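Protein chains in written order, with my numbering: chain V, 1 to 431; chain S, 432 to 618.
Just so you know, even glycine gets a beta-carbon here, dropped at the ideal spot from N, CA and C.
All figures in this text were calculated on a predicted structure; none of them were measured in a lab.
Here the structure is laid out as structure tokens; the discussion comes afterwards.
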Ligand code: SF4
């Protein structure tokens, strides 16, 4: 039977000619990523199961990126980074991005791409549910827990169940007021937060291929909010140019086979779509911005692996340029590279950093920040009953801090437009 | 594998995500350190909004104030239990609080895997929605051989979906023991 892109990648990793959805297979892992929140537990399991003196299966293939709890006084958070540091030293791991050094990066999913660890055709597992972001590069990438990660550390293998593929096609280039975030919130609203459980989500169509890599990452980033196992986009020249600019490592592009069977296919006409938000308290609680415009918000948050890349900040700056925010606004670059680019990238002669500062926004350091609430002293954390409009990916109760806060998810355009008025605002009013 | 699991049930609704199971501010505890692992039990399910905590009435704490564990042994939930982040701290915290099994309509994939591969608890699925039919505090008895469970408080019995291809891992104890038994890992 002809295989989909995801099936074909899994077949290669299982050293088999064919795999079919529903089968359990053992696959070889190309990259294992962990961070400060799940790394210590993973290391604990690895040592417990393989012995105190055990070595990781391949030190070139383990990538450790502290990013979650960096700018906090929480001593246990610092202790956890010490655990990572010690492990890296003991194992002599080359791919570690230590806090407080020039190598420090910030949000792992963006750092992985910037540092050339995301490559077509490969298998990437990470101890973080948004590891699916890397499917944008035409690889199989998904999140796992500490036990699975400990298992991989020792063996380089893991069992997976082959997922059937749901295919989402966007016909026609996107209108200028839409971003990848609008597309994925639309899909999740249509299928529900459990709608892709145990399945792969593949994105195609000229609407998708007109997006740059960062936007494609945003699409794949949120497949987990639909319950998807992985998201994937077949590589094109844009993918290859990006990956080759980041790494010399050879890789093999894998594609779907002619006549592959999909669990379902849904086609959207890009020009018919509108900017959307996910209302509190679920990423599938979809509304067109036009339906909820005027709703008061008292915070705007632009950051995270979903909405804290340079493309997201360029979009936000287009709207904030020359205007004053009416609500407390946080600009949180995902990585140090994004933060550097805020000082370089210009719109009409002004750097993005200048545009944000002039508009009255607060710029924070590179890390996960308040995307997941985090320790109580995290910058931007919702500590009371704030209503926040955010470029992040989850708005379940208490996700950004307090249980009594409420979060609307939206594109950087919509968040920036809403920051200017203090109410949910259609970005078309400013574009 | 045990033949049965019996105890009091705590009932929750749909989309109970991992931030509700164990909020992010407690994730700096390291589950690999036994003393810190206990703290996950203390804070288990403390992120659930009060009105949804212990249905149908709500406002029931899963872990009474001052206690380290919960009086409940089984959780009944709705759709998409354990959605959200990949944190293994979620099934660990339920286990640390004393939960042996969850019964839900279906699970988010990573929570399901973590529960099975780590051997923390058994995630049962039901063919029908049950979270409105059972009340927090009822005494349940799960029969693992018959794939059903009885509500001893009301006298009603409900079917469970057979566990299927995860049985060998549950029987072995965790994914490491399973891999050893199946020859994937050296002893
Ligand atoms: S930015 Fe948010 S969603 Fe992304 S990895 Fe960090 S905590 Fe998770």
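{"Query": "Just the chain S side, please: which residues come within less than 8 Å of residue 151 of chain V by C-beta, in chain order?", "Result": "548, 606, 607, 610"}
{"Query": "Is the separation between the beta-carbon of residue 35 of chain V and that of residue 127 of chain V shorter than 9 Å?", "Result": "yes"}
{"Query": "Give me the residue from S:555, S:474, S:489 with the minimum Cα distance to residue 529 of chain S.", "Result": "S:474"}
{"Query": "Would the beta-carbon of residue 329 of chain V fall within 9 Å of that of residue 359 of chain V?", "Result": "yes"}
{"Query": "From the beta carbon of residue 538 of chain S, is the nearest beta carbon of chain V less than 9 Å away?", "Result": "yes"}
{"Query": "Quick check on the burial criterion: 16 or more other C-beta atoms within 10 angstroms. Buried or exposed for residue 560 of chain S?", "Result": "exposed"}
{"Query": "Nearest to residue 514 of chain S by CA position, among S:489, S:546, S:437, is which residue?", "Result": "S:546"}
{"Query": "Do you know whose CA, among V:209, V:140, V:167, V:38, lies nearest residue 173 of chain V's CA?", "Result": "V:209"}
{"Query": "Taking C-alpha atoms, which residue in V:179, V:374, V:271 lies nearest to residue 411 of chain V?", "Result": "V:179"}
{"Query": "Quick check on the DSSP output: what are the complete beta strand (DSSP E) runs of length 3 or more inside the segment 99-127 of chain V, in order along the chain?", "Result": "123-126"}
{"Query": "Nearest CA to the CA of residue 486 of chain S: which residue from S:563, S:538, S:554, S:536?", "Result": "S:563"}
{"Query": "What is the residue span of the alpha helix (DSSP H) that residue 148 of chain V lies within?", "Result": "146-155"}
{"Query": "Which chain V residues are close to residue 544 of chain S, counting only those with a beta carbon under 8 Å from its beta carbon?", "Result": "144, 145, 148"}
{"Query": "Quick one: using the 10 Å Cβ neighbour count with 16 as the cut-off for buried, is residue 106 of chain V buried or exposed?", "Result": "buried"}
{"Query": "Can you find the residues in the same chain that come closer than 7 Å, C-beta to C-beta, to residue 448 of chain S, ignoring five residues on each side of it along the sequence?", "Result": "514, 515"}
{"Query": "Hey, would you say the C-beta of residue 304 of chain V is under 8 Å away from at least one heavy atom of ligand 1?", "Result": "yes"}
{"Query": "How would you call residue 129 of chain V, buried or exposed, if buried means at least 16 neighbouring beta carbons within 10 angstroms?", "Result": "buried"}
{"Query": "Taking 8 Å as the cut-off, is the beta-carbon of residue 448 of chain S closer than that to any non-hydrogen atom of ligand 1?", "Result": "no"}
{"Query": "Flag residue 520 of chain S as yes when its Cβ comes closer than 8 Å to any non-hydrogen atom of ligand 1, and as no otherwise.", "Result": "no"}
{"Query": "Does residue 487 of chain S get closer than 9 Å to chain V when you measure Cβ to Cβ?", "Result": "no"}
{"Query": "Three or more beta-carbon pairs under 8 Å between the segment 53-72 of chain V and the segment 161-171 of chain V, yes or no?", "Result": "no"}
{"Query": "In chain order, what residues of the same chain have a beta carbon less than 6 Å from the beta carbon of residue 569 of chain S, not counting five sequence neighbours either side?", "Result": "440, 582, 584"}
{"Query": "From this set, S:479, S:442, S:433, S:615, which residue's C-alpha is nearest residue 566 of chain S's C-alpha?", "Result": "S:442"}
{"Query": "Three-state secondary structure (DSSP) at residue 512 of chain S?", "Result": "strand"}
{"Query": "For chain V, is any of its Cβ atoms less than 9 Å away from the one on residue 518 of chain S?", "Result": "yes"}
{"Query": "Should residue 394 of chain V be counted as a contact of ligand 1 given a C-beta to heavy atom distance under 8 Å?", "Result": "yes"}
{"Query": "Could you check the C-alpha separation between residue 181 of chain V and residue 319 of chain V for me, to the nearest Å?", "Result": "16 Å"}
{"Query": "Considering only heavy atoms of ligand 1, does any lie closer than 8 Å to the CB of residue 67 of chain V?", "Result": "yes"}
{"Query": "What are the residues of the segment 456-476 of chain S that lie near chain V, defined by any Cβ-Cβ distance shorter than 9 Å?", "Result": "456, 458, 459, 460, 461, 462, 463, 464, 467"}
{"Query": "Please find out if some non-hydrogen atom of ligand 1 comes closer than 8 Å to the beta-carbon of residue 108 of chain V.", "Result": "yes"}
{"Query": "In this structure, what does DSSP give as the bridge partners for residue 95 of chain V?", "Result": "V:63"}
{"Query": "So residue 169 of chain V packs on residue 265 of chain V, CB below 8 Å; how close in whole Å?", "Result": "7 Å"}
{"Query": "Helix, strand or coil: which one does DSSP assign to residue 503 of chain S?", "Result": "coil"}
{"Query": "Does the separation of the CB atoms of residue 222 of chain V and residue 306 of chain V fall below 9 Å?", "Result": "yes"}
{"Query": "At a CB-CB cut-off below 7 Å, which residues of chain V make contact with residue 526 of chain S?", "Result": "Per Cβ cutoff of 7 Å: no residues; residue 526 of chain S is ~12 Å from chain V at best."}
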